[in-house]
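**Student:**
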Amino acid sequence: MLEENDISGDSIKRLLDTESIQNIKELKFLHYEANAIDHFASGIYLSDYLTNLEVLNINNRGRPINMLSITAITDARLENLKTLNLSKCYLSPDLFITFFVNLKFSSLTSLKLAKSGAIKGNLQLLANNEYIKNLKLLDISHTDLINEDIDALCTSPNFKHVEVLNLESNMIKKEGVESLANSEYLKQLKGLNLSTNKIGKEGVESLANSRYLKQLKVLDLSYNELDNEDISIIAGSSNFQHLQSLNLSFNEMDDQAIKSLSDSQYLKHLTHLDLSENDITSHSIEILANSENIKNLKVLDLSNTSIRSQAIETLSQSPNFKHLHTLTLGLTSVKTAIASLADSPYINNLKILRLCHADIKTDDIKELIRLSNKVSFQDLTIEYTSLAVADVVLLAQDLPEDVKLNLRGEGGLSIFYDELLKLKKFNSASGQVPETEWQQAVTEMVLKIAPHDNDGKIIQYILSNQDSYPLLINARDSDNHSLSYYYNNNGEMLLILFRNGLIPDPVQDDTMQRIVEDAQSVHDSEITNKTNFFVKKLVQLANLNTEELKAKAQICQSQINQLFVQSMELKVKLLDLTAQEKRSVMETILRNGEAVPEDSYFVQKIINKAFHTLKNQYLTPAYEISKLQYDYTAGQEKYITLPETIGVVHTLIDKSGPDKITMHVLLRRVLKLLKARQRFNLHF
5 MLEENDISGD
15 SIKRLLDTES
25 IQNIKELKFL
35 HYEANAIDHF
45 ASGIYLSDYL
55 TNLEVLNINN
65 RGRPINMLSI
75 TAITDARLEN
85 LKTLNLSKCY
95 LSPDLFITFF
105 VNLKFSSLTS
115 LKLAKSGAIK
125 GNLQLLANNE
135 YIKNLKLLDI
145 SHTDLINEDI
155 DALCTSPNFK
165 HVEVLNLESN
175 MIKKEGVESL
185 ANSEYLKQLK
195 GLNLSTNKIG
205 KEGVESLANS
215 RYLKQLKVLD
225 LSYNELDNED
235 ISIIAGSSNF
245 QHLQSLNLSF
255 NEMDDQAIKS
265 LSDSQYLKHL
275 THLDLSENDI
285 TSHSIEILAN
295 SENIKNLKVL
305 DLSNTSIRSQ
315 AIETLSQSPN
325 FKHLHTLTLG
335 LTSVKTAIAS
345 LADSPYINNL
355 KILRLCHADI
365 KTDDIKELIR
375 LSNKVSFQDL
385 TIEYTSLAVA
395 DVVLLAQDLP
405 EDVKLNLRGE
415 GGLSIFYDEL
425 LKLKKFNSAS
435 GQVPETEWQQ
445 AVTEMVLKIA
455 PHDNDGKIIQ
465 YILSNQDSYP
475 LLINARDSDN
485 HSLSYYYNNN
495 GEMLLILFRN
505 GLIPDPVQDD
515 TMQRIVEDAQ
525 SVHDSEITNK
535 TNFFVKKLVQ
545 LANLNTEELK
555 AKAQICQSQI
565 NQLFVQSMEL
575 KVKLLDLTAQ
585 EKRSVMETIL
595 RNGEAVPEDS
605 YFVQKIINKA
615 FHTLKNQYLT
625 PAYEISKLQY
635 DYTAGQEKYI
645 TLPETIGVVH
655 TLIDKSGPDK
665 ITMHVLLRRV
675 LKLLKARQRF
685 NLHF
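Sequential numbering of the sequence shown, starting at 5, is according to our numbering.
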């Protein structure tokens, strides 16, 4: 199985063309998911060692497959391939055509194309392909079939051996069902999935009256808006006398429909019945419990119905349910239901129990454990319930080890249960575990749970039971996170942690680091606020009126050239840079391996670039009139141009008399702020 391995193209080609790797010549099953499909396909095509491959599963998770990959798969030397699964491998209409025409696996008995794109009008090409004449299973669910495709399916002798047909989610209406029912080539069908279509009453009648569909053992009619009358048609048809599995979930039927099923002389072989998501009540259980016909149920789904806890007592006392293997319940309140199953003289073969949306209490957990010891559960699923942390601990302690417990929708509780089982095995395998080792094991468990324990209830339970679960409260996980990291937004939880000895992490102000790393940080409120503050203070300190600001700006503009050309200090500073610093400054204009130019060229290049940028980007005529608002006080809004800002800085320099190097440093910093505000970058 090659799944999510990020295998490179060359690696997969070598793997599939290497005789010595794990006796690849004897390989019969190959599953390939979420890797480089194009390289994989070409690897299959080129390989000389896959002639015994019987099952090929490719799952591209809904991503497109290209023409080369499809051609490589269909042209591969897979003489013994029996099952090809391309579900969730998106094929465009053109690729479907290529695939249907070039498919040449004569041993193929199973073809799965579910959710692989829109076939729409191209199924005739597959129907004409003589290499599919041995197909026994065809899955073309979720492929947007149209009536022409259904007709092609029903009129081709190449499909005469198909026993299982999946047409789920194709919006098939009465016309399509009528074609299926009247097809002489589909009379071998034993399994038919028409879930999530629009077959209507006429479609049900077509199935019930078909001359050919008389061998069905599995029928899925869920999500079809069927009502009581539709169900009575099914119950009254001899076409369904071999039916073993019937899915009627998500329809519009009530207890009257169950009465029709119960009274049917043709449903005596029924072993699987799904009635979930229908408006049936506890009365339906009474009907089934007293049925003279439905006595062999092994799988029963009653989730999300109006059945109450008392009805399970009725079920438990009926010999009609003595073969029950799998039971799914959706009781609002479990109450006595589990206890009645545990006390039942007939419920002795139950291996799988699923409880959905139930309000389960500690007493119910104890009854579940009692039931599991009686019937030897294989699988217990509790989903979307309100389990307490202590109840999960109880399950981990007392539920038989061979029971697989699934806590779906329970978030951290599921992980907590798995970790508790690991602790339990560690404790039993190690005998008397030293206290320090046990404490370390508990701590590792807590650090794994914390990221998923959003409300902190699991950690609170552990902190309240440290006699059993001693914890190193200040330990850190592999990412150097303490427990406080996972509860930063939970003040109550932080307080509990601190009371239990957690040392708070030093306050980390990562604002500036975030600004440095963010390419769009010029818009950050921190930058904007600081720029506005500095400009406002500079203007106040300079104490210049509007005319004086303009005059200073003009003087600065006229002296720009002198600022760069006559400044020996600036040239000295540039010459003082190391070779690495010079290379860093000029990295965008130096080619790979090119040396940094000599000093005279370097200095002149930098000064010219700086002068050009300042002159043409910051002090252009357009910017003389372009105003930046720096004071947003209502009624006292103030604005300033870029040249005026530099003029203000020069005024302050003249007043304070700093040396020229300090002046240049100050100017450079102001320019950086202005550059950020104007979204310009100075690139060399």
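Idealized CB from N, CA, C, for every residue including glycine.
1. For the alpha helix (DSSP H) containing serine 376, list its first residue and its last residue.
2. Provide the residue span of the alpha helix (DSSP H) that contains histidine 287, from first to last.
3. Of all the options Lys177, Tyr135, Asn126, Asn232, which has the alpha carbon lying nearest to the alpha carbon of alanine 156?
4. Would you mind stating whether aspartate 234 and lysine 263 have Cβ atoms separated by less than 8 Å?
5. Please list the terminal residues of the continuous beta strand (DSSP E) segment that includes glycine 125.
6. List, from N- to C-terminal side, the beta strand (DSSP E) runs of 3 residues or more that fit wholly inside the stretch 176-217.
7. Just to confirm before moving on: does the CB-CB distance between leucine 333 and phenylalanine 325 stay below 8 Å?
8. Near glutamine 470, which residues of its chain fall below 6 Å by C-beta distance, leaving aside the five closest residues on each side in sequence?
9. Counting along the chain, where does the alpha helix (DSSP H) carrying aspartate 459 start and finish?
10. Would you report the Cα separation of tyrosine 465 and leucine 499, rounded to the nearest angstrom?
11. Let me check one thing: in DSSP terms, what residues is arginine 358 bridge-paired to?
12. What I want to know is whether the C-beta of serine 120 ends up closer than 7 Å to one or more non-hydrogen atoms of the ligand PLP.
13. Return the first residue and the last residue of the alpha helix (DSSP H) that arginine 503 is part of.
14. For a test of the three-state rule: what should DSSP assign to phenylalanine 109, helix, strand or coil?
15. Is asparagine 9 helix, strand or coil when you go by DSSP?
16. Where does glutamate 233 fall in DSSP's three states?
17. To the nearest angstrom, how far is it from the Cα of glutamate 405 to the Cα of serine 307?
18. Starting from lysine 642 and walking both ways along the beta strand (DSSP E), at which residues does that stretch end?
19. Could you check which residue in Tyr135, Leu99, Lys92 has the C-alpha nearest to that of leucine 107?
20. Which same chain residues end up closer than 8 Å to leucine 112 when comparing Cβ atoms and leaving out the 5 residues on each side of it in sequence?
21. Let me confirm a value: glutamine 314 is counted as buried when at least 16 other C-beta atoms fall within 10 Å, else exposed. Which label applies?
22. Around the Cβ of glutamate 172, are there at least 16 other Cβ atoms within 10 angstroms (buried) or fewer (exposed)?
23. Could you tell me the distance, in whole angstroms, from the CA atom of phenylalanine 254 to the CA atom of glutamate 229?
24. How many angstroms separate the CA atom of serine 199 from the CA atom of asparagine 170?
25. Taking 8 Å as the threshold (beta carbon to beta carbon), is serine 344 in contact with chain D?
26. Going by Cα to Cα distance, which pick from Leu34, Leu553, Glu414, Lys461 is closest to isoleucine 650?
27. Which class does proline 455 belong to by DSSP, given the choice of helix, strand or coil?
28. Can you give me the C-alpha to C-alpha distance between serine 266 and leucine 301, rounded to a whole angstrom?
29. Give the DSSP-derived three-state secondary structure of aspartate 258 in the structure shown.
**Tutor:** From the atom records:
1. From DSSP, the alpha helix (DSSP H) with serine 376 extends over 366-379.
2. Following the DSSP letters along the chain, one finds histidine 287 inside the alpha helix (DSSP H) bounded by residues 286-293.
3. When each option's Cα is compared against that of alanine 156, the closest is Asn126.
4. No, the Cβ-Cβ distance between aspartate 234 and lysine 263 is not below 8 Å.
5. Where glycine 125 is concerned, there is no enclosing beta strand (DSSP E), given that its DSSP letter is neither H nor E.
6. Counting only runs of at least 3 residues, the stretch 176-217 fully encloses the following beta strand (DSSP E) elements, listed from N- to C-terminal order: 195-197.
7. Not a contact, by the Cβ cut-off of 8 Å.
8. Result list for glutamine 470: empty, nothing under 6 Å.
9. In the DSSP annotation of this structure, aspartate 459 is not part of any alpha helix (DSSP H), being labelled neither H nor E.
10. Leucine 499 has its alpha-carbon roughly 15 Å from the corresponding atom of tyrosine 465.
11. Beta-bridge partners assigned by DSSP to arginine 358: Thr332, Thr385.
12. Ligands are entirely absent from the displayed structure, and the ligand PLP is therefore not among its contents.
13. According to the DSSP assignment, arginine 503 belongs to the alpha helix (DSSP H) that extends over 495-503.
14. In the three-state reduction of the DSSP assignment, phenylalanine 109 falls in the coil class, being assigned neither a helical nor a strand state.
15. Reliability of the predicted coordinates at asparagine 9 is poor, the pLDDT of 42 falling under 50, and the value obtained from them is presented with this limitation in mind. It is coil, neither helix nor strand.
16. The answer is helix: DSSP assigns glutamate 233 an H, G or I state.
17. If I take the Cα positions, the gap works out to 27 Å.
18. That run of the beta strand (DSSP E) goes 642-644.
19. Checking every option, the nearest Cα to that of leucine 107 belongs to Tyr135.
20. Hits under 8 Å: Leu85, Lys86, Thr87, Leu88, Tyr135, Ile136, Asn138, Leu139.
21. Per the 10 Å Cβ criterion, exposed.
22. Per the 10 Å Cβ criterion, buried.
23. Rounded to the nearest angstrom, the two C-alpha atoms are 7 Å apart.
24. Those two C-alpha atoms are separated by around 9 Å.
25. In summary, chain D is missing from the structure at hand, where a single protein chain is found.
26. Comparing Cα positions, the closest option is Leu553.
27. In the displayed model, proline 455 falls within a helix according to three-state DSSP.
28. Rounded to whole angstroms, the separation of the alpha carbons of leucine 301 and serine 266 is 12 Å.
29. Coil, per DSSP.
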